[in-house]
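Trainee: Numbering (my numbering), first residue to last: 558 to 722.
Every residue, glycine too, gets a C-beta built ideally from N, C-alpha and C.
Nothing here was measured: the structure is a model prediction, and the numbers come from that model.
Got a structure for you, questions after.
This is the structure:
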């Protein structure tokens with residue numbers, strides 16, 4: 558009975574989440590925009606020259622990215638994505654991408670000793686947040702902390718909701 562009720566409510570819940578996405582994030586499963594690697598260097602230079610730092614990295618996150626860049630000959634960037642879904646409304650994820658595959662929809666938000674990119678549409682949601690790297694018995698992973706306008710966060714650690722204005 559629970560699964561039957563849950564199945565009937567799932568489409569409404571999914572559409573409600575997508576309507577809550579004012580930041581232009583791509584829902585999970587949708588295709589990203591075509592590769593705009595020709596513009597990647599222009600985007601990186603433009604954002605780097607503004608001096609604006611949207612996301613902060615802890616020393617642990619910075620050290621992990623240095624290790625990754627040593628291993629991959631400085632060819633990787635850390636991509637932070639925000640999608641509709643998860644336990645609380647939005648979920649974030651991290652991926653290592655080749656620097657040459659930075660797309661037009663990506664915004665370079667940290668360009669000091671490593672490169673961090675996010676979807677342009679998620680910039681306001683992630684402004685002043687912090688990326689940390691945890692190394693525990695349970696997991697070794699990047700985590701996102703200090704998300705502004707946070708209204709709730711799930712105990713899973715990857716799902717959150719924000720106050721919409």
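Return the first residue and the last residue of the beta strand (DSSP E) that residue 672 is part of.
Mentor: Looking at the DSSP string, the run of the beta strand (DSSP E) that includes residue 672 is 672 to 676.
Trainee: Specify the secondary structure class of residue 630 as computed by DSSP and reduced to three states.
Mentor: Coil, per DSSP.
Trainee: Can you give me the Cβ contacts of residue 622 inside the same chain, cut-off strictly under 7 angstroms, excluding the 5 residues immediately before and after it?
Mentor: Closer than 7 angstroms at the Cβ level, and outside the excluded window around residue 622, lie 635 and 671.
Trainee: By alpha-carbon positions, which one of 659, 616, 639 and 696 ends up nearest to residue 650?
Mentor: The shortest Cα separation from residue 650 among 659, 616, 639 and 696 belongs to 639.
Trainee: Quick one: residues in its chain with C-beta nearer than 6 angstroms to the C-beta of residue 624, no 5 flanking neighbours on either side, listed in chain order?
Mentor: None.
Trainee: For residue 610, which of helix, strand or coil comes out of DSSP?
Mentor: Three-state result, residue 610: coil.
Trainee: Residue 703: buried (16+ other C-beta within 10 angstroms of its C-beta) or exposed?
Mentor: With fewer than 16 other Cβ atoms within 10 Å, it is exposed.
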